[in-house]
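Protein chains: 4
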Amino acid sequence: MADASTLAAEYRDLRRDLHRHPEPAWCEFYTTNRLIEELEGRAIDDLLYGPAIHAADARRNVPDADALTEWRERAREAGASDDVLDTIGDGYTGAVAVVDRGEGPTIALRVDIDALPITEADGDDHHPAAAGFRSGNEGFMHACGHDAHATIGLGVLDSILDSDFSGTFKLVFQPAEETVSGGKPIAESGVLDDVDHFLALHIGLDHPSGEVVAGIDEFLAVRQFEATFAGDSAHAGARPEHGDNAVQAMAAAVQNLYGIPRNSAGGTRVNAGRVGGGTASNIVPEEAFIEGEVRGETTELMEYMWDHAERVLSGAATMHDCEVDVELLGDAPSAHSDAALVDVIDHVARRTAGVDTVVEHDSLGGSEDATYLMQRVQNRGGEAAYVGVGTDHPGGHHTPTFDVREGDIAVGIDLIAGVVTELAADP
Amino acid sequence: MADASTLAAEYRDLRRDLHRHPEPAWCEFYTTNRLIEELEGRAIDDLLYGPAIHAADARRNVPDADALTEWRERAREAGASDDVLDTIGDGYTGAVAVVDRGEGPTIALRVDIDALPITEADGDDHHPAAAGFRSGNEGFMHACGHDAHATIGLGVLDSILDSDFSGTFKLVFQPAEETVSGGKPIAESGVLDDVDHFLALHIGLDHPSGEVVAGIDEFLAVRQFEATFAGDSAHAGARPEHGDNAVQAMAAAVQNLYGIPRNSAGGTRVNAGRVGGGTASNIVPEEAFIEGEVRGETTELMEYMWDHAERVLSGAATMHDCEVDVELLGDAPSAHSDAALVDVIDHVARRTAGVDTVVEHDSLGGSEDATYLMQRVQNRGGEAAYVGVGTDHPGGHHTPTFDVREGDIAVGIDLIAGVVTELAADP
Amino acid sequence: MADASTLAAEYRDLRRDLHRHPEPAWCEFYTTNRLIEELEGRAIDDLLYGPAIHAADARRNVPDADALTEWRERAREAGASDDVLDTIGDGYTGAVAVVDRGEGPTIALRVDIDALPITEADGDDHHPAAAGFRSGNEGFMHACGHDAHATIGLGVLDSILDSDFSGTFKLVFQPAEETVSGGKPIAESGVLDDVDHFLALHIGLDHPSGEVVAGIDEFLAVRQFEATFAGDSAHAGARPEHGDNAVQAMAAAVQNLYGIPRNSAGGTRVNAGRVGGGTASNIVPEEAFIEGEVRGETTELMEYMWDHAERVLSGAATMHDCEVDVELLGDAPSAHSDAALVDVIDHVARRTAGVDTVVEHDSLGGSEDATYLMQRVQNRGGEAAYVGVGTDHPGGHHTPTFDVREGDIAVGIDLIAGVVTELAADP
Amino acid sequence: MADASTLAAEYRDLRRDLHRHPEPAWCEFYTTNRLIEELEGRAIDDLLYGPAIHAADARRNVPDADALTEWRERAREAGASDDVLDTIGDGYTGAVAVVDRGEGPTIALRVDIDALPITEADGDDHHPAAAGFRSGNEGFMHACGHDAHATIGLGVLDSILDSDFSGTFKLVFQPAEETVSGGKPIAESGVLDDVDHFLALHIGLDHPSGEVVAGIDEFLAVRQFEATFAGDSAHAGARPEHGDNAVQAMAAAVQNLYGIPRNSAGGTRVNAGRVGGGTASNIVPEEAFIEGEVRGETTELMEYMWDHAERVLSGAATMHDCEVDVELLGDAPSAHSDAALVDVIDHVARRTAGVDTVVEHDSLGGSEDATYLMQRVQNRGGEAAYVGVGTDHPGGHHTPTFDVREGDIAVGIDLIAGVVTELAADP
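Protein chains in written order, with the numbering used here: chain L, 1 to 427; chain R, 1 to 427; chain A, 1 to 427; chain S, 1 to 427.
Written as structure tokens, this is what we have:
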């Protein structure tokens, strides 16, 4: 493994402050405010946030007013500015910073900023706990490294500002990646429509410190949904025949969702990830729900799963004389990294300090709504790539003991800044 | 236990001949022919059979042409008359004999004649095997005593012919009881529309030799059906996604049929008694079926079950993109025995030789399409009762070792003949 | 309908205060305290509460410490005494008052005191809302009339104290009836072991004002349980094969619990009344639960259902490589009202003002853990009966618009006091 | 498309004779006898058949004695030799011919010979029907081209006999490929243990006439099974509680087999291809079965599916108090074609008349127990490849209208003979 770089104190403090304030999708109020404060202190040419960077119709999965209010007030108490909160407070989180240095290509970097509903470990062997920057929002945690991503974004911006970069650089802080909801409204807002080279990145992903993946592919297309079954309650002892049992409908749906036929064209997925229903053991359940998802190695495969899932949900409701309402939550297409851009990343990675292994390609195996942004750029003639920056993470992604080696944040900054510089120099 | 009567050789031989030739529902060709021969040798006033005694529209569950042909040819080889077979050969089995002796009430007795698809025991401890009259139609068996019923019917007829009976007596040999299909077409043919007193009977039913049940009640209403699921086949390895899996639909239906909610108004039943589907382990199944039934302690409860079953079958098909076709097979309503008629039976039973215990009422716990005939008579102002004649049966009904004590056939003849005489004497 | 009595202001105020403070099973802290206050102001001979009236081992379904603390603090804020809370505060709610007036039989009355997790209606047509005594514990409601029951209990006590009653009278305020958990520990505490005549009562049950049911029977035996399935979580996109899906196990169990075969020996019930599982749409669910129940018209039928349910839960876990832990919550046997006692009630009811119809027998159709107390008394040679006091209730039991006519509380007091007096006079 | 060769009359007649006599797995008595007759007329050095070419322990899925007898007698009536039938008649079908021409490599070609339980089309647009060689075994059909395969095998043998081939050539006529049962016992018999170059082939597979696939890969490993559930029957109306319902167990298993989690390591399959159970609508089903299979892109993935399937079958039985017996039927591992051998095939194909397109690699997408033979050879240091010979087939494989262009049989002969010659010339 390379003797990795050390992260400058400024970035370390930022990362730890973000880590201490994990916020769920669309509620990244403290985080957005903190990043805006950082950006306002820098010599950038434009700063966009709030409804300006979101196609309002494309937003999905935004929490209800109570949840938004609660997180907004938490952010306010933690010091967020009233003005910023007024602009972003209905779930218009995230920000876009623009550096415009005359002639040259337009290059964008997207980093995501939301956290997860996971309770962070607090043992001494968990570094954030031991070093005093464990989550202050109990039950939520930066368990997927988005605190590191945001920090890398700012570091890359600083490198570019310090350089003789010529062209346009757009830094996108995207909210709501974990619920695959934030990518689409930003894509459809048009803020990236002029981009020639688009980069997104992820830290970790089971790659160790010192390893870089030049181009990540095989994003699973995904669609998330909530199905709500409505029947009729009844006393389970006295009048079971008066009920229309929503839990029976839900259970039949679960059994048959997992049974959607495999597809020879490629991998598919289905999950009834959160389910519930009913009120008490002696009441025939009137309501039940499934919060689930389908995926496919291609967008078509995801659609295949979705067609079947809709039929299963509908048929299950029919069987038990219930109604079912299916609400689409987030989704994301599949996408690929462009070979030419991957070559540049590979080339730059090999000369970046702290990188001792460059893997040309790897598959994500999961989903990511950066794919909406990648597709948007690619459909307009630009190119896109998704980069992996290795780190020795003690726990797996989305687990209570996830953490990143802070030195690898510095490696990430150097790598991406190097790629942007290279692209501007030799567009 | 009473020292039961001995069965006359004539009736014993008839019973054993019928036992040797068990035939399934609507295929009782040998049986019907044999009974017609018996009747033709007696001084009766009318003899009806073939389409004359069946409302053709009401017939259900008639086997396909191949099966009819096979059983018809078997009967022909066993000596059945071509003329009779021509008349009954498309599944118009059974017969009605009429004795018209001037003034007096019209009294009917119904006995059923079909057998079951059960392979008869052949051990030495099974009397029909030991005594040489075991089933000659391998795989089929008189495992519910209908051979005894038919014999009792003929015995009662002889008693009446020998007596000074005044009135009209109708003896109905009903086919297709086991599939609850024969009662309805006979009822709707109108042959019983002038009946004042209607009797049906069953031997055994876990009542020992010497015991009579004057009035059996609590017939479960029943509806039998066959649901056929049609999907699309596909190679299960190469193209699983091209299939619409009829077996998955069927399995989902089975799971949810049994889950139809209990009803506080009374007992219900559901059974997916015979199911199947698919052709080979490597083919996604294109077709599947459920041969099943629902029941209820009242006709309304049966209908409640049926409404739910139809929804389950439809929803299960929807879930797997299949079509489902639901064909009604037999059915039967619930019914009750009239108290006044039960009193007569009770009274006569107490003086009948061989009877030492008279149980006033008992519940059937199963279904019987004699109820169609009972209802038909009752709806026209007549009265009806269903009588139980005990016998020590070694195996349970519908099992390979079922048998009846032949002496109890004689008891049954005496009992019913006594009731008919009493009704005619004191209408 | 009878011109029903008017409820004295004292009892009306008590009933409304209890109605305003509905508390769930084992958390009836305010209620118990209020009733103790009432009892302490009366000339009774003994007052028992806390662990003294509960066989600790037999308590089930007691909420966790957090819930107990929350309800205890609520009661404290509403004015409950610290001393009483110290004694009952770990879920030892309820109380027993004893009147000892020399020679004579020992007669007990049991009334229940807990409320339900139902949000009370607040329309003008809901009397408690219109008259200002709607639930102050949002989400909880006296939707089954236990506020009326407790009031009747105190009214009966007052009548006896005012009378020349000779014998012993025990008034039991039982907690946790709704979760069928409070009856067993009180029965096993032995406080009723010397009882000759035991009475329990219920208001409403679809009987109108002016009607009394002398003896309610056909209690369904019930067993409630919580099954917890534990599997392993995994990322649903990246590593679905690493998961052991607890929601699949739960759904399979639900499907097959409802499919436990009907029983010809009598009515049975099963309900998966509250279910849940999983954490997020993209995580293979690691945990799931079923809060359910089985019932039977006899204790044997309930046990039959339970045997099958245990197999279903175990097999479902096996299918998906999960563990299942099944915790018994409340249960109650079936029971019957003794004819002799029912006769006394019938006799007294016919002379009680406000009663214009007396129904000798009716079936409950549901479950009640008064049956534990009834059985305890009956097993020791005493007799027991369960009385129904009609009331015009606008909404059904366990619905947000349930209410009782307060005049019928007075009828209930007069009826039961009359029965106790009669029993003491003519033991 | 190439102007394909014409098939010599001798081979055309053989192919049509085989097509007229389709026989299922392990019952290829007529076919084997016919091929032995052909071989006996040729100058080969050794001819093996019967138990000599099968490791008896490894045989699976052999039909019962009745089925073997029926097919043996059919073959006898169609002219098969008594001597041959005596040797192969217990399901030891197939044959191995050996040509030994001194120094040189040992090269083997395997062709399969069994047919499918499919009823052949009989329209004028189905060539075998129009030309008079449609299946004479109604309900069975060469719907996968094994008649062509056998013919190619014999044609290749003739070419080699006519050539100056030096080395050893083994021609394997393998039975029971459709049930993936015949490969393993031949592999384990050791007859191929000295083979240096192993070839297997398939015609069609959606590749048109004129196209050759030099190396087919991605065989799905497969395991086929029959699970039999045994419960207890009962009268569905009278005593449903006495039954242990094997159809409920089966349905629960079907629902959950299809729900075995997808695997991120590669494609998997599961199919409950043929199921059944029960005897009549009014009997609680005592027995039920699933004839099914699991597959995986690797042998490990198939094993993963199998582990889960066993758990599902066991848990489903537990749920309904049934026993389950799981019998393994056929199986086959995954395998790959060796690059060096594929290169030779590619090279020869490009110069073979009638071939105008050579596809280097394709995936099978299904399973094939040639993989047992490939693995056996590869594990002993030999190399193996699986070749595709295109043909315009009007209907899909395993459908009633499948057929092959007979000219493509000639192409197949030339191609494989060319490869064998090339391998012998340049080992």
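Cβ atoms here follow ideal geometry from the backbone N, Cα and C, with glycine treated the same way. From a predicted model like this one, the values you see are computed outputs, not experimental measurements.
Within the region 93-142 of chain S, the complete alpha helix (DSSP H) segments at least 4 residues long are 127-130, listed from N- to C-terminus.
In this structure, DSSP gives Ala316/A a helical state, which the three-state scheme calls helix. For Gly382/R, the three-state secondary structure derived from DSSP is coil. CA-CA distance, Asp193/S to Glu303/L, rounds to 48 Å. Secondary structure note for Leu68/A: its alpha helix (DSSP H) is the uninterrupted segment 65-77.
If you draw a straight line from the Cα of Val270/S to the Cα of Leu7/L, it is about 51 Å long. Residues of chain A whose Cβ lies closer than 9 Å to the Cβ of Gly267/R are, in chain order, Arg262, Asn263, Ser264, Gly266, Gly267.
Pairing Asn33/R with Asp86/R, the inter-Cα distance amounts to about 11 Å. Runs of beta strand (DSSP E) with 3 or more residues, each lying fully within the region 321-351 of chain R, are found at 323-332, listed in chain order. At least 9 Å separates the beta-carbon of Asn263/A from that of Gly231/A. Leaving aside the five residues that flank Glu188/A on each side, the residues in its chain whose CB is nearer than 6 Å to its CB run, in chain order, Ala55, Ala58. Per the DSSP secondary-structure output, Phe289/S pairs in a beta bridge with Thr228/S, Gly276/S. Put simply, the backbone Cα of Leu161/A is about 13 Å away from that of Gly102/A. Looking from the CA of Pro208/R, the closest CA among Asp356/R, Tyr49/R, Glu360/R, Glu422/R belongs to Asp356/R.
In the DSSP assignment, Leu48/R falls within the beta strand (DSSP E) that extends over 46-49. Shortest Cα-Cα distance from Asp369/A to any of Leu201/A, Arg350/A, Gly215/A, Tyr258/A involves Leu201/A. DSSP places Val358/A inside the beta strand (DSSP E), whose first and last residues are 357-363. Minimum Cα-Cα distance from Leu109/A among the listed residues Ala425/A, Asp426/A, Gly412/A corresponds to Gly412/A. The region 313-324 of chain L and the region 304-323 of chain R touch, with no fewer than 3 CB-CB distances between them shorter than 8 Å.
Residue state for Glu211/S is assigned as strand, using DSSP reduced to three classes. The CB of Tyr372/R never comes closer than 9 Å to any CB in chain A; the least such distance is about 23 Å.
Short of 7 Å from the beta carbon of Val180/A, and not among the five residues preceding or following it, lie these beta carbons of its own chain, in chain order: Val222, Gln224, Gly330, Asp331, Ala332, Ser367, Asp369. Here Gly292/S is near Ala272/S, since their CB atoms are less than 9 Å apart. At a cut-off of 9 Å between C-beta atoms, Ala252/R counts as an interface residue with respect to chain L.
Taking a beta-carbon distance threshold of 9 Å, Leu301/L does not count as an interface residue toward chain A.
For Phe198/S, the uninterrupted beta strand (DSSP E) segment begins and ends at 197-203. Taking all protein chains shown into account, Glu70/L has fewer than 16 neighbouring C-beta atoms within 10 Å of its C-beta and is therefore exposed.
Contact annotation: in the region 275-304 of chain L, no residue has its CB less than 7 Å from a CB in chain S.
In this structure Arg274/L is buried. Its beta-carbon is surrounded by 16 or more other beta-carbon atoms within 10 angstroms.
For Leu171/S, the beta-bridge partners assigned by DSSP are Ala97/S, Leu109/S. As the crow flies, the alpha-carbon of Asp17/L is around 56 Å from that of Ile186/A. The Cβ atoms of Ile53/S and Val96/S lie closer than 9 Å to each other. Residue range 146-162 is occupied by the alpha helix (DSSP H) that includes Ile152/S. The three-state secondary structure of Asp13/S, taken from DSSP, is helix. Residue-level contact check: Gln255/R touches chain A, since one or more beta carbons of chain A fall below 9 Å from its beta carbon. When the Cα atoms are used, Ser159/L and Ala424/L turn out to be separated by approximately 13 Å.
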